[in-house]
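Numbering (the numbering used here), first residue to last: 1 to 417.
Below: one structure, written as structure tokens.
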Ligand SMILES: *Cc1c(COP(=O)(O)O)cnc(C)c1O
């Protein structure tokens, strides 16, 4: 565990989080290098001896330091925009290890990715296939493509993070897939390289992954008879983590089940984990501004808000809340509180109904905030975005400085009426 109390102080690796809060201020995201390396190592070990590429889903946490760390470990990347492509390249990631996912790739982003020479485009519709073909021909290249197939499997996760159901916007219906593959094969700007399936996020059971893979494998052989052979199978991401009391399968078990389902399929395997690599490697530090006693509820008002971490507001997600000092301040009794931010929205809460013994000025860690935290932050209420710090052993590195107020509106102009 990278976040533990040592002599009463909540530490990340060998650094007390209170030191980081003092030095860099709050709100502040803090990541553990060792935690990311260890999570990546679990995937890498489970893939040992296989032709496999672990393509980290950049949208989970796209800080350059996180990307550079994973690139050094040998990871590939799953991107969803030209912006993420630029980040990965800036962080030292290799284009040849990048897969480009997403339902709405713009023409400009397709060109950037073709220029960079990405490993594969995960194509999600016929219209996208046609656009990619035209752009590739115009550039005089062949675009490597996988079709993202929607297997219509219920991942048993929050509806907003389910992607493999037929009512979702993602992928190509499994019934249509063979026909769309034949169409792709006939387009001279495309080169079919694989198949892709990704059914959602924060999935804590193995079975939906196995069901989805079983369904897509059913027609890999059919494609072969049509003369379409696949070089790789991209099994997507979506493995859940423990926020509270969830019991996601160990990475090794999850991958063993997928590999067993693959049987003697000889294709290279691609994986796209995001949350599982970084979710439990980060926390959000915040300071208590006020305690407020309401008629029905008590509130801890902190300096972090939904603009810093939107998951509770967006998905009613649960994050642990730990005080940086294990022992409560003297004469403080624990009470049930909602932990809320300063933003003018009732949905602006980070945690609800938690037993906490706190005083103004105390600092708290919002746990498991390494994935879909900073990346989803905004400037709502004209709040500067938080600083980000990466800890390695005894050393804390500022990997993104806090935004300044001036930066918040220096791209705006008032017309001269
Ligand atoms: C978001 C996403 C992922 C990563 O999902 P996690 O739940 O973070 O593992 C992988 N692949 C695609 C296509 C995605 O959209």
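Just so you know, even glycine gets a beta-carbon here, dropped at the ideal spot from N, CA and C.
Since we're looking at a predicted model, the values are computed, not measured.
query	result
So who's on the other strand from residue 292, going by DSSP bridges?	299
Taking DSSP as the reference, what is the three-state secondary structure of residue 390?	strand
What number of angstroms, rounded off, separates the C-alpha of residue 210 from the C-alpha of residue 123?	22 Å
Compute the Euclidean distance between the alpha carbons of residue 398 and residue 338, then round it to the nearest angstrom.	30 Å
Compare the Cα-Cα distances from residue 256 to each of 245, 246, 218 and 207 and report the closest residue.	207
Going along the chain, which unbroken runs of the beta strand (DSSP E) with 3 or more residues stay wholly within the segment 32 to 57?	52 to 57
Quick check: the Cα distance between residue 366 and residue 356, rounded to an integer number of angstroms?	13 Å
By how many angstroms is the C-alpha of residue 353 removed from the C-alpha of residue 75?	39 Å
Do you know how far the Cα of residue 80 is from the Cα of residue 234?	15 Å
Once the 5 residues before and after residue 21 are set aside, which same chain residues still bring their CB inside 8 Å of it?	28, 285, 287, 324 and 363
According to DSSP, is residue 144 helix, strand or coil?	strand
Going by DSSP, what residue range makes up the alpha helix (DSSP H) through residue 323?	Here residue 323 belongs to no alpha helix (DSSP H); instead the beta strand (DSSP E) covers 321 to 323.
Would you identify the three-state DSSP class for residue 15, choosing helix, strand or coil?	strand
Ligand 1 and residue 258: does any heavy atom of the ligand fall closer than 7 Å to the residue's C-beta?	no
What is the C-beta distance between residue 191 and residue 144, in whole angstroms, given that I count them as a contact (C-beta under 8 Å)?	5 Å
I believe residue 136 touches residue 142 by the beta-carbon criterion, under 8 Å. Please report the beta-carbon distance rounded to the nearest angstrom.	6 Å
Hey, would you say the C-beta of residue 78 is under 7 Å away from at least one heavy atom of ligand 1?	yes
Sort 392, 412, 268 and 343 by Cα distance to residue 378 and report the nearest one.	343
How about residue 169: is its Cβ closer than 7 Å to a heavy atom in ligand 1?	no
Can you tell which of 309, 205 and 119 has its C-alpha closest to the C-alpha of residue 61?	309
Taking C-alpha atoms, which residue in 5, 336, 406 and 95 lies nearest to residue 295?	336
Does the beta-carbon of residue 374 have 16 or more other beta-carbons within 10 angstroms, so that it is buried, or is it exposed?	buried
Who pairs with residue 284 in a beta bridge, going by DSSP?	29 and 366
Could you check where the alpha helix (DSSP H) with residue 182 kicks off and where it finishes?	177 to 185
Is the closest heavy atom of ligand 1 to the C-beta of residue 238 under 7 Å?	yes
Among 298, 408, 51 and 99, which has the Cα closest to the Cα of residue 236?	99
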